Structure formats: structure tokens, C-alpha cells
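Heads up: the structure comes next, in C-alpha cells.
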Amino acid sequence: MHMEAVLKFSSQHPKPAGLILQYGTAGFRSRAEHLDHVMYRMGLLAVLRSKKTKSVIGVMVTASHNPEEDNGVKLVDPLGEMLAQEWEVYATDLANAEEQGLPSVLNDIIQKESIDIKQEAFIAIGRDTRPSSTVLSSAVIDGVTALASKFHDYGLVTTPQLHYVICCRNTNGRYGQPTVDGYYQKLSKAFNDLVKQDPGCGDKSICLTVDGANGIGALKLKEMEQYLQSALSVKLYNDGSEGKLNFQCGADYVKVQQKPPEGIEKKPGERCCSFDGDADRIVYFYNDDAGNFHLLDGDKIATLISTFIKELLVQIDLNLKMAVVQTAYANGSSTRYLENVMKVPVYCAKTGVKHLHHKAQEFDIGVYFEANGHGTVLFSRTAEEQIRQLVSSEITDDKRKAAKMLVNTIDLINQTVGDAISDMLVIEAILCLKRLTVQKWDEIYTDLPNRQLKVKVADRKVIETTDAERRTTTPAGLQEKVDYLVKNYNLARAFVRPSGTEDVVRVYAEADTQENADALAYEVSLAVYELAGGVGEVPKPLR
Ligand code: G16
483 MHMEAVLKFS
493 SQHPKPAGLI
503 LQYGTAGFRS
513 RAEHLDHVMY
523 RMGLLAVLRS
533 KKTKSVIGVM
543 VTASHNPEED
553 NGVKLVDPLG
563 EMLAQEWEVY
573 ATDLANAEEQ
583 GLPSVLNDII
593 QKESIDIKQE
603 AFIAIGRDTR
613 PSSTVLSSAV
623 IDGVTALASK
633 FHDYGLVTTP
643 QLHYVICCRN
653 TNGRYGQPTV
663 DGYYQKLSKA
673 FNDLVKQDPG
683 CGDKSICLTV
693 DGANGIGALK
703 LKEMEQYLQS
713 ALSVKLYNDG
723 SEGKLNFQCG
733 ADYVKVQQKP
743 PEGIEKKPGE
753 RCCSFDGDAD
763 RIVYFYNDDA
773 GNFHLLDGDK
783 IATLISTFIK
793 ELLVQIDLNL
803 KMAVVQTAYA
813 NGSSTRYLEN
823 VMKVPVYCAK
833 TGVKHLHHKA
843 QEFDIGVYFE
853 ANGHGTVLFS
863 RTAEEQIRQL
873 VSSEITDDKR
883 KAAKMLVNTI
893 DLINQTVGDA
903 ISDMLVIEAI
913 LCLKRLTVQK
923 WDEIYTDLPN
933 RQLKVKVADR
943 KVIETTDAER
953 RTTTPAGLQE
963 KVDYLVKNYN
973 LARAFVRPSG
983 TEDVVRVYAE
993 ADTQENADAL
1003 AYEVSLAVYE
1013 LAGGVGEVPK
1023 PLR
């Protein structure tokens, strides 16, 4: 191992004294100025992971939905999944080691994982549009170089684009061409073919307003537009030419604030969507004639997509097991609709794509979406093969059409991870094919009013959770207090969990009216503040 080089390069990426960071929901996230050493060390870790898996590994420099001043890193495993959870502990050990201790932490990983250090490694690197991302991705490159390994710098890409190219590279192109152009070609062909199944969906008949969150998604959607000429016309706002990343715009802002982003023009009834900072999430929204805002979040997206797939499955008459995976944030109405009306089994996973993705892999078709708009659909290899084979077998024209539509859907969905652009195209195609307006889609079920709040505490690790994060086990008395507060409202539910991407505790409440959801969220926030060591301003009632 090149330990001398490791230490030499490391001196250019010193760790701030005493700084301890934890691998969170989607990698490390912090203020950008705290992350140079982490990036360097994740370059080192990616090389070890690449040697271990004998595959290309991805490193994406992004803090996704966080403010522009933050940054972070997401590691991408061979098939485009998030880094294996067993390796998160190595990531944390490496990030927090003092400089002289680096060789021993590296050797430890090599021994525990029986890594053949002579094995070649290859790393693919991407970054979002944050001003700090350029220098931080050079730190990743230094890490890779210190271990004398090869890399390809994809530069500015969305997180899902990097996941896509990693999967393509490691499956010898079976998943597609491992380039950004290959991504555009694969998705646009699938989209164009899918909407062509209905003559009414061509010639720019689909018109959509997009809030690009002033991030990489806007840039990449502009690049992709030329490939989508046949059907989709996009009005792009918050394209990064002026505004600040994720500031008063983007999927997280729209979902949490329950209001439209700043900087977009829209008429009543006009269908709009928002990406987040690295374009791995999407939410839809519109204003009705009375000016009321309506949000169509990940739960509504999961319902739309799974209904569409289920209807096609009925037509092709294949007995495939489909399930939907949600998190505790899923609106109670969505879960009831999926289970009781659609008769689809629903599972609850902990927050974090990695948890949902694994659960979804257990089914022939696993649809997973977080309410915040992060999600995708996974088709098992067998399911995919059965559907593809059907297209060329002796069946009726109607059946063949349905099978073709499923094949196009499989090709259009980025199965490696949630992808705002891919999800947007799937949704637009479904709405057009089913002749659904955004209002009709919204009316499929009515969300229970809900509210999300953040509480600052001295150490968010004091809150521990169980039951897919729906209940707390520490600090003492908090869950009892939440249970007591919930009992005072109709159709109410609330939970508390520490964020894994921001230094806050998240509070979620839903109830029969917005007033009650707001009151409950406030009361739970106060309980968190009092029992979990709140700092700064005491939470105030929302009304
Ligand atoms: C990341 C994860 C998501 C998660 C979100 C918020 O999203 O990929 O699965 O829902 O963080 O996590 P937390 O509540 O723990 O802060 P993104 O889009 O920021 O990468």
C-alpha cells in the first residue's frame, strides 16, 4: 500500500482538530469548509471498495437539498446503489481518524475485508453546481491518486446520472451506454416510444413548468430537451442563471413549506414540478382557480406509478408480486388508499433511500417513494425478462401493446436510484396516456393535513428511534409525551427523528385539519425542545 503517498497527500487535506462527523442518511454532510479532508479520505475509501468489489465505484460531491453553503459526499456501489451499510462504519472511522492514524485505519479495513491490494481500482467522480464542489472533487481525486488508482471525472452531473453510469460500467453496457449522452438517449427513446403508443401524446402536446432549484438538474434538463422534441415542452425556471441553489425553491422547500417556489410564473391549474439540488427528488404542484396551493408529493407519485403498472400487469396477465415501500412520513391517506383500494401491500422502511431500496428488492416489482419525492421502481431480473419475452411471443395486439408499454416504462425508469428527470418523464407519460389532468391525479385520494418542523438540540444523537423511526426509545419520557399529545386530536399521528443530513431533529404531525396538524406539530416540537436538550429559540405556535 502506498502509505507514504497517503500521508503526503493527506497533509494537503488536513482534518480540522477535534472535528467529528458521522456518516448520515446519504453520506457525509456539513458546511463545505469542514469537508476537504473527508473528500480526500472518501477517495481513499472508494479505491478500497473498488478493489474489494472488483468494480467501478462512484463518488458524488453534493449536499443535495441542503443550503448552498453545505456540501457532502455520496458513495455509489457497483450496481448504482448507495454504499453498502457495513462500509458506513469504515467511512466514519476514516473521516474521523487523526492524520497519523490514517494508515492503520486503512490497513484495518484491508484486513477485515481481505482486500487484495494488487487488484486494480477505478473510480467515477461527479459533482453538483455548488461553488465548493470543484475543489472538493479535486480532493477526492487526490485520494484516488494517492492510492495510485485510475478515475474518470464526469464533472457536472446529477446524482442519478452518476448512479446510472456506474451501473452501465459494471454491467458491460447492458444497462445502457456509460455516458451522460447515453443516459439522454436511453431515457428519451423510452419516453418517446412510450408516449407514441397514443397518437394524442405527440407534437409537444405535453407542457410542463419546471423549478430547477437553481441546481444541476436545470442544467441537465436543458441539455436533454433536444432529445425530447417529439412530445414534451418544458418551461424551466430557477435554472441557476441568477438565484441561489435551493433558496426558496426546489423540492424540499416546496414539500416542507407547502408552498410554490419563488421565481416561477404559473396560471391556475398549470402543472408544475420542482427538482432538488442534485435532481434525485421531484414533487409536483399546482394552484387551483381559487388560488389554493396543491402539492403532489412522493406518495401521490407512488400511487400514480403503481396504479399504471398494476393496470398493465392485469392486461398482460403475468402473476408478478408488486409492493410499495414508504417511510413514516407517508401520508396516512396514501397508505390507506394503496392498501384498501388498490390492494397493494405497503411496507414502511426507515428514512433513507438505502433502506427503501433494499426492501423494494424483495419483490418482482418494488415501487419505493419517500414523501419528499425521492423514489423509483425496481423490477427483478426475472420480472423484466418475462415482460420483455412477452413482447415477441404469440399474444393479442392489446396484450402486446401493454407489454411494450411496460418495457418502455422499465427503460425509462432509473432503477439505480430516485431520479427527478426520469421520474418526471414517467409521470408525464402516464398523465398523457391516461388523459389525467393534474387535478384528477390529485383527486385520487385526499391527503391528511400535515406539518413538518425542525427543532435544534445540543446533540441530536440523544434521540434514538425504533419501529422504522415511528417511535422514540430515548430520551426518557419523550414517546409517552408524544402519545399523550396525539390522543387529543382526530386522525392524528406524530413522530420525531434525528435528521441524518442536517443538524436538527425532525418533527412530523398529521391530523384531521391543518389547524390541528400545526398545533400538534408545535406541541411535539416543544416536547422535543424540553426533553431532548433544545437550544436557541423555543418553538412558537404556528398560528
Ligand atoms: C437524503 C436521502 C433521503 C432522505 C433525505 C432527508 O436526501 O437520500 O433518503 O429522505 O436525505 O434525510 P434526513 O431526514 O435524515 O435529513 P437528499 O435528497 O438530501 O440526498
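Take the position in the sequence shown, starting the count at 1, then add 482; the result is the number in our numbering. Even for Gly, the Cβ is constructed at its ideal location relative to N, Cα and C. None of the values given here were measured: they were computed from a predicted structure.
- Message: Measuring only the C-alpha atoms, how far is Glu-570 from Ile-597?
- Response: Here residue 570 corresponds to residue number 88 of the sequence shown, with the count starting at 1. Here residue 597 corresponds to residue number 115 of the sequence shown, with the count starting at 1. The alpha-carbon separation between Glu-570 and Ile-597 amounts to approximately 17 Å.
- Task: Let me know the secondary structure DSSP gives Ser-546 once reduced to three states.
- Result: For the purposes of this step, residue 546 is taken as the residue at position 64 of the sequence shown. DSSP places Ser-546 in coil when its eight states are reduced to three.
- Item | Expected contact under 8 Å - CB spacing of Ser-619 and Ile-607 to nearest Å | Within the sequence shown, residue 619 is the residue found at index 137, counting from 1. Within the sequence shown, residue 607 is the residue found at index 125, counting from 1. Ser-619 to Ile-607, Cβ: 6 Å. Contact.
- Could you tell me the boundaries of the alpha helix (DSSP H) in which Arg-523 lies? Within the sequence shown, residue 523 is the residue found at index 41, counting from 1. First-last of the alpha helix (DSSP H) with Arg-523: 518 to 535.
- Could you give the uninterrupted runs of the alpha helix (DSSP H) lying entirely in the segment 607 to 646, keeping only those of 4 residues or more? For the segment 607 to 646, whole alpha helix (DSSP H) runs of length 4 or above, ordered along the chain, are 615 to 628.
- Task: Starting from the N-terminal end, write out each residue whose C-beta falls within a distance shorter than 6 Å of any non-hydrogen atom of the ligand G16.
- Result: Matched residues: Thr-507, Ala-508, Ser-546, His-547, Asp-758, Asp-762, Arg-763, Thr-833, Gly-834, Val-835, Glu-852, Asn-854, His-856, Ser-981, Gly-982, Thr-983, Glu-984, Arg-988.
- Message: Tell me which residues share the same chain as Glu-581 and place their Cβ nearer than 8 Å to its Cβ, disregarding the 5 neighbours each side in the sequence.
- Response: On the sequence shown, position 99 is the one that residue 581 refers to. Cβ-Cβ distances below 8 Å link Glu-581 to Leu-489, Ser-492, Ser-493, Pro-496, Lys-497 in the same chain, with the five nearest sequence neighbours on each side left out; the list follows chain order.
- Task: Thinking Asp-994 and Leu-1008 are a contact (beta carbons under 8 Å), I'd like their distance in whole angstroms, please.
- Result: For this step, residue 994 is matched to residue 512 along the sequence shown. For this step, residue 1008 is matched to residue 526 along the sequence shown. Not a contact, Cβ separation roughly 21 Å.
- Query: Cα separation between Val-908 and Lys-668?
  - Reply: Along the sequence shown, one-based indexing puts residue 908 at 426. Along the sequence shown, one-based indexing puts residue 668 at 186. Roughly 13 Å between the two C-alpha positions.
- For Gln-797, which option in Pro-560, Ala-884, Thr-956 has the closest C-alpha, if you only look at C-alpha atoms? One-based indexing of the sequence shown puts residue 797 at position 315. Checking every option, the nearest Cα to that of Gln-797 belongs to Ala-884.
- Message: Can you list, in chain order, the residues of its chain with a C-beta nearer than 6 Å to that of Leu-565? Leave out the 5 residues immediately preceding and following it.
- Response: As a first step, residue 565 must be located in the sequence shown, where it is residue number 83. The beta carbon of Leu-565 sits closer than 6 Å to the beta carbons of Leu-557, Asp-559 from its chain, once the five residues preceding and following it are set aside; these are given in chain order.
- Given 8 Å, three or more beta-carbon pairs between the segment 851 to 858 and the segment 806 to 814: The segment 851 to 858, when compared against the segment 806 to 814, does touch it at the 8 Å Cβ threshold.
- Query: Among Leu-778, Thr-864, Lys-916, which one has its Cα closest to the Cα of Tyr-927?
  - Reply: Here residue 927 refers to the residue found at position 445 when the sequence shown is read from its first residue. That would be Leu-778, whose Cα lies nearest to the Cα of Tyr-927.
- Task: Can you give me the Cβ contacts of Lys-832 inside the same chain, cut-off strictly under 6 Å, excluding the 5 residues immediately before and after it?
- Result: Taking the first residue of the sequence shown as 1, we reach residue 832 at position 350. Non-local beta-carbon contacts of Lys-832 in its own chain, meaning distances under 6 Å to residues more than five positions away in sequence, involve Ala-950, Glu-951 in chain order.
- What did DSSP end up calling Pro-980 once you bin it into helix, strand or coil? Indexing the sequence shown from 1 puts residue 980 at position 498. The answer is strand: DSSP assigns Pro-980 an E or B state.
- Query: So, helix, strand or coil for Phe-673, using DSSP?
  - Reply: As a first step, residue 673 is located in the sequence shown; it is residue number 191 there, counting from the start. Look at Phe-673 here: in three-state DSSP terms it is helix.
- Could you pull out every residue in the same chain whose Cβ sits closer than 6 Å to the Cβ of Leu-710, ignoring the five residues on either side in sequence? In the sequence shown, residue 710 corresponds to position 228, counting from 1. Counting only Cβ-Cβ distances below 6 Å, and skipping sequence neighbours, we find Ser-670.
- Item | Limits of the unbroken alpha helix (DSSP H) element including Gln-921 | Stepping through the sequence shown from its first residue, residue 921 is reached at position 439. Looking at the DSSP string, the run of the alpha helix (DSSP H) that includes Gln-921 is 920 to 924.
- Task: Take the Cβ of Val-823 as the centre, count every other Cβ of all protein chains shown within 10 Å, and call the residue buried at 16 or more, exposed below.
- Result: Position 341 of the sequence shown holds residue 823. That one is exposed.
- Query: chain C beta carbons: is any one of them nearer than 9 Å to that of Phe-861?
  - Reply: Note that chain C does not occur in the displayed structure, where there is just one protein chain.
- Per DSSP, which one or two residues make a beta bridge with Asp-552? As a first step, residue 552 is located in the sequence shown; it is residue number 70 there, counting from the start. The partner list for Asp-552 (beta bridge, DSSP) reads Arg-513.
- Item | 9 Å Cβ cutoff met for Leu-727 and Ala-772 | Residue mapping note: residue 727 aligns to position 245 of the sequence shown, counting from 1. Residue mapping note: residue 772 aligns to position 290 of the sequence shown, counting from 1. No.
- Task: Give a yes or no on whether the C-beta atoms belonging to Phe-633 and Val-639 are separated by under 9 Å.
- Result: Here residue 633 refers to the residue found at position 151 when the sequence shown is read from its first residue. Here residue 639 refers to the residue found at position 157 when the sequence shown is read from its first residue. No; because the gap between Cβ atoms is not below 9 Å, this pair is not in contact.
- Item | Residue from Glu-1005, Asp-610, Ala-672, Ile-623 whose Cα sits closest to the Cα of Met-906 | Translated into positions along the sequence shown, residue 906 becomes position 424. Checked all of Glu-1005, Asp-610, Ala-672, Ile-623; the closest Cα to Met-906 is Ala-672.
- Task: Mind checking which residues open and close the beta strand (DSSP E) that includes Glu-992?
- Result: The residue labelled residue 992 in the question sits at position 510 within the sequence shown. Start and end: 987 to 992.
- CB contact flag (Pro-957, Ala-1003, <9 Å): Counting from one through the sequence shown, the residue named residue 957 turns up at place 475. Counting from one through the sequence shown, the residue named residue 1003 turns up at place 521. No.
- Just the Cα atoms here: how many angstroms apart are Ile-592 and Val-964? On the sequence shown, residue 592 is found 110 positions in, with the first residue counted as 1. On the sequence shown, residue 964 is found 482 positions in, with the first residue counted as 1. Cα-Cα distance, rounded: 45 Å.
- Task: Drop a sphere of 10 angstroms on the beta-carbon of Cys-689, count the other beta-carbons inside from all chains shown, and report buried for 16 or more, exposed for fewer.
- Result: Residue numbering aside, residue 689 sits at position 207 when the sequence shown is read from its first letter. Exposed, since its Cβ has fewer than 16 Cβ neighbours within 10 Å.
- Query: What did DSSP end up calling Val-1017 once you bin it into helix, strand or coil?
  - Reply: Indexing the sequence shown from 1 puts residue 1017 at position 535. Three-state DSSP puts Val-1017 in coil, outside helix and strand.
- Item | Complete alpha helix (DSSP H) runs within the segment 835 to 888 (minimum length 4 residues, chain order) | The segment 835 to 888 contains these whole alpha helix (DSSP H) runs: 835 to 842, 863 to 873.
- So Asp-693 is in the beta strand (DSSP E); what residue range does that whole segment cover? For the purposes of this step, residue 693 is identified with residue 211 of the sequence shown, where counting begins at 1. It spans 688 to 693 - the beta strand (DSSP E) in which Asp-693 sits, taken as one unbroken run.
- Query: Below 9 Å between beta carbons: does that hold for Ala-991 and Asn-932?
  - Reply: To locate residue 991, count along the sequence shown from 1; it is residue 509. To locate residue 932, count along the sequence shown from 1; it is residue 450. Yes; because the gap between Cβ atoms is below 9 Å, this pair is in contact.
- Item | Sequence-distant residues of its chain with Cβ nearer than 7 Å to Asn-660 (five each side left out) | Reading the sequence shown from its first residue, position 178 is the one you call residue 660. Note that residue 660 is Pro in the sequence shown, not Asn. Apart from the 5 residues on each side of it in sequence, Pro-660 sits with its Cβ closer than 7 Å to the Cβ of Val-647, Cys-650, Arg-651 in its chain, given in chain order.
- Among Asp-846, Val-541, Asn-970, Ala-999, which one has its Cα closest to the Cα of Leu-800? Within the sequence shown, residue 800 is the residue found at index 318, counting from 1. For Leu-800, the closest of Asp-846, Val-541, Asn-970, Ala-999 by C-alpha to C-alpha distance is Asp-846.
- Message: For a test of the three-state rule: what should DSSP assign to Leu-777, helix, strand or coil?
- Response: The sequence position of residue 777 within the sequence shown is 295, counting from 1. It is a strand residue.
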